[in-house]
Amino acid sequence: MQMAPVLINEYRKKESNRGAWTAEEDQKLAQVISIHGPRRWKCIAAKAGLNRCGKSCRLRWMNYLRPNIKRGNISDQEEDLILRLHKLLGNRWSLIAGRLPGRTDNEIKNYWNSHLSKKLKQIERQNSGLTATESEPKNPDEVAQVATSAANNREEGTSRANEDQKSSQLMIWDELFDRPAEGPLNLEWMSKFLEMDESWFYFA
DNA sequence: AACAACCTCAACCGCATCAGA
DNA sequence: GTCTGATGCGGTTGAGGTTGT
26 MQMAPVLINE
36 YRKKESNRGA
46 WTAEEDQKLA
56 QVISIHGPRR
66 WKCIAAKAGL
76 NRCGKSCRLR
86 WMNYLRPNIK
96 RGNISDQEED
106 LILRLHKLLG
116 NRWSLIAGRL
126 PGRTDNEIKN
136 YWNSHLSKKL
146 KQIERQNSGL
156 TATESEPKNP
166 DEVAQVATSA
176 ANNREEGTSR
186 ANEDQKSSQL
196 MIWDELFDRP
206 AEGPLNLEWM
216 SKFLEMDESW
226 FYFA
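Read in order, the letters of the first sequence correspond to residues 26 to 229 in the numbering used here.
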């Protein structure tokens, strides 16, 4: 039996709450998760008395209520990292988010779609306006390097001690990132990269 | 002030994968 | 081996806010 779209929507509305979460719902959800832990989302939704599906509860927790969620603007360093990781991993947002503590895959995906994809397109357009020789990348990282040069420049204001520490860490960092450009992606390298401790990504 | 166009981001959807029965 | 429910992921949508005319 085929339902008209409007009827389907009405039916769904009666089934469960949809749309933005209220503070009350957040509170109920957080309370139940604090007792039972973040699993068995269907049960959690029922226990919290929320007229929401488990999936919706999970998403709300993962993207908003979870502790240590970092909210607010993406820093230059984070943007640099996203660009590099996206170049490496493609649209594997959860993997990228895994290397950015406190950031969610949804947040990074949104940031990419609204900011970075445009930024890259703009850079590509600029490059296409140059001569063939000028526009030819010096190495495969060029696009990301151009996009992040401003961020790197801003780092000049940091203290000397931090600079020394950064430069040594960046050498290793760059070595890791440069390696795949030399040839096909190396699985050993990839797994090494993905297992790296989060602290590698923050030089503060 | 009013409207349109654009932007941002929370939330939803469908599909794939995993784990347990 | 198969089924089923739970979970995770990436793509997409749409409401609300902002900016431009």
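Glycine included, each C-beta is placed from N, C-alpha and C at the ideal position.
Buried versus exposed call for residue i [16 or more other C-beta atoms within 10 Å across all chains shown]
| i | result |
| --- | --- |
| Arg124 | buried |
| His61 | exposed |
| Lys53 | buried |
| Ala73 | buried |
| Cys82 | buried |
| Arg109 | buried |
| Gly44 | exposed |
| Pro92 | exposed |
Inter-residue Cα distance where the pair is residue i and residue j
| i | j | result |
| --- | --- | --- |
| Ile121 | Lys146 | 20 Å |
| Lys143 | Ser119 | 21 Å |
| Leu84 | Pro126 | 17 Å |
| Ala55 | Glu149 | 45 Å |
| Ser139 | Lys80 | 25 Å |
| Trp46 | Gln151 | 42 Å |
| Ser265 | Asn131 | Look at the range of the chain in this structure, 26 to 229, and you will see that residue 265 is not part of it. |
| Trp66 | Cys78 | 8 Å |
| His111 | Leu141 | 10 Å |
| Leu113 | Arg96 | 25 Å |
| Cys68 | Leu106 | 37 Å |
| Asn230 | Ala70 | It is not possible to answer for residue 230, since the shown part of the chain is limited to 26 through 229. |
| Arg64 | Asp51 | 16 Å |
| Gln102 | Asn88 | 21 Å |
Proximity below 8 Å, CB of residue i to CB of residue j
| i | j | result |
| --- | --- | --- |
| Asn76 | Asn116 | no |
Identity of the residue in the options nearest residue i by Cα
| i | options | result |
| --- | --- | --- |
| Ile94 | Ser59, Ser81 and Arg128 | Arg128 |
| Glu104 | Tyr136, Tyr89 and Thr47 | Tyr136 |
| Leu90 | Arg150, Glu49, Leu113 and Ile133 | Glu49 |
| Trp86 | Val57, Asn98 and Gln102 | Val57 |
| Ser100 | Arg64, Ile133 and Ile69 | Ile133 |
Per-residue DSSP class, three states only, for residue i
| i | result |
| --- | --- |
| Ile94 | coil |
| Gly62 | coil |
| Ser139 | helix |
| Ala73 | coil |
| Cys68 | helix |
| Ala45 | coil |
| Ile133 | helix |
| Cys82 | helix |
| Arg150 | helix |
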